[in-house]
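Colleague:
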Amino acid sequence: MKALTVALPGREYDILIQRGILSQAGERLRALLPRASKLAVVTDTNVHPLYFAKLKASLERAGFECWGAVIPAGEASKNPGLLTELWEDFMEFGLTRTDGVIALGGGVVGDLAGFAAATILRGVAFVQIPTTLLAQVDSSVGGKVAVDLDHGKNLAGAFYQPKLVLMDPDTLDTLPLPVFMEGMAEVVKYGCIWDKDFFDFLTARPSREQLMADIEHILYTCCDIKRQVVAEDELDTGLRMILNFGHTLGHAYELAGHYTQWSHGEAVAAGMCAAAQIGLGLGVTPPDVPGHISDACAALGLPTQITCSINDYAAAIGLDKKGAGADITLILLDRIGHTVPHKMPRDQLLQQLESLLSR
Ligand code: NAD
Ligand code: GLY
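In our numbering, the protein residues as written are 99 to 457.
1) Ligand 2 and glycine 240: does the residue's C-beta get closer than 7 Å to at least one heavy atom of that ligand?
2) Looking only at C-alpha atoms, which of Pro260, Val328, Trp165 sits nearest to histidine 146?
3) Using three-state DSSP, classify glutamate 332 as helix, strand or coil.
4) Verify whether the separation of the beta carbon atoms of threonine 301 and alanine 394 is less than 8 Å.
5) Specify, as a first and last residue, the run of the beta strand (DSSP E) that methionine 265 falls within.
6) Do you know how far the Cα of isoleucine 434 is from the Cα of lysine 294?
7) At the level of alpha carbons, what is the spacing between leucine 247 and serine 175?
8) Using the three-state DSSP reduction, which class does valine 76 fall into: helix, strand or coil?
9) With DSSP as the reference, identify every bridge partner of tyrosine 357, one or two as the case may be.
10) Considering only residues of the same chain and omitting the five flanking positions on each side of glycine 289, which have a CB-CB separation below 6 Å?
11) Which partner residues of alanine 101 appear in the DSSP bridge assignment?
12) Run the CB neighbour count on glutamate 110, radius 10 Å, all protein chains shown included, and call it buried at 16 or more, exposed below.
13) CA-CA distance, alanine 412 and alanine 422?
14) Run through DSSP, which three-state label would arginine 433 get?
15) What's the C-alpha gap between glutamine 375 and glutamate 364?
16) Run through the DSSP bridge pairs and tell me what isoleucine 119 is partnered with.
17) Is aspartate 248 near ligand 1 - that is, is its Cβ less than 7 Å away from at least one heavy atom of it?
18) State the start and end residues of the unbroken alpha helix (DSSP H) segment that holds alanine 254.
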């Protein structure tokens, strides 16, 4: 088993990575929550038939009473209406302050269940059991929990750290290939922002089979980076911004595709390629870097370029709401494995993006 600790004083927690660990969830949680008697498991319509029974059996063997809430799969479930329903369901189940909530699923389940756990009874113990690659390398670690509003994604939320993150790489076997590769965009991002050796390791393994053969190492490396970033900047006021590499411009592509044409991972892949081009134009990123990133994304079947309008770019960088001179910090690379936060006026960034569009 591979184990990491997120070192937040008074709220530190472990990330445990092991094939088959889902069947040991009960004993692990019994050791962590000795006074708990009830655990509410939130999962979605795809994950429930695959993994709920195994988790429930393990929890019951450890003496927990377990109840499952099944939400419709997909981003649309991250809404305040379902949050309210979960609160009522938890009360119906008889959850008390010494009990807990488990998220079993991808980032949608994790964000919604985490916000429900943070707010019910002013906060109960929360455990992440992520089952997508994106959730394992990103959303289950770091405590960001949220629902979407009509005004935008993740607008109502909290920082609420889990008590434990249990990662069973075997659950990735049932992911559709595009969902797996979507998570790989975030994995490549970690190589870009932090670790060139890891980037090279990934580029030598472009197929799902090759990546799964080394999946524990991949999960461990990504979570090790994220836990260091989170431990230094839990509330996202500084270093944590580097995790947004590729995301600002990726947001323009998600907007352009009305959040349906391009998945988040696809948009991030193209966003990392565009950020490398912008960095090159600004003299920050060396000439060989954009090609390395686009080769890595292309090898995984991820897009390296997505067409969008200048208005989509303007909206994504906030130029439609903020003044033209207001600064934005774009995360750039001065080499693979190292970031440079680059502060610039929004209208200057838009000019750079305009020239990118005309190439
Ligand atoms: P998701 O939760 O929608 O899961 C993707 C799809 O995979 C869904 O259809 C789901 O039902 C299915 N699925 C999940 N596990 C499966 C399995 N093992 N086998 C088969 N199918 C499975 O999406 P996601 O990509 O995991 O997460 C995206 C969400 O995460 C977004 O809402 C995003 O805002 C959020 N997010 C949060 C953070 C954070 O720090 N909290 C970070 C990144 C992303
Ligand atoms: N996914 C970005 C963060 O956790 O800050």
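Cβ coordinates follow ideal geometry from the N, Cα and C atoms, glycine included.
Modeller: Result, derived from the coordinates:
1) yes
2) Trp165
3) coil
4) yes
5) 262 to 265
6) 6 Å
7) 11 Å
8) Here the chain has residues from 99 to 457 only, and residue 76 is not among them.
9) Looking at the DSSP assignment, tyrosine 357 forms no beta bridge with any residue, so it has no partner.
10) Phe296, Phe297, Leu300
11) Leu114
12) The residue in question, glutamate 110, is exposed, as its Cβ has fewer than 16 Cβ neighbours within 10 Å.
13) Between the alpha carbons of alanine 412 and alanine 422 lies a gap of roughly 10 Å.
14) strand
15) 17 Å
16) BP columns for isoleucine 119 are empty, so no partner.
17) no
18) Here alanine 254 belongs to no alpha helix (DSSP H); instead the beta strand (DSSP E) covers 250 to 257.
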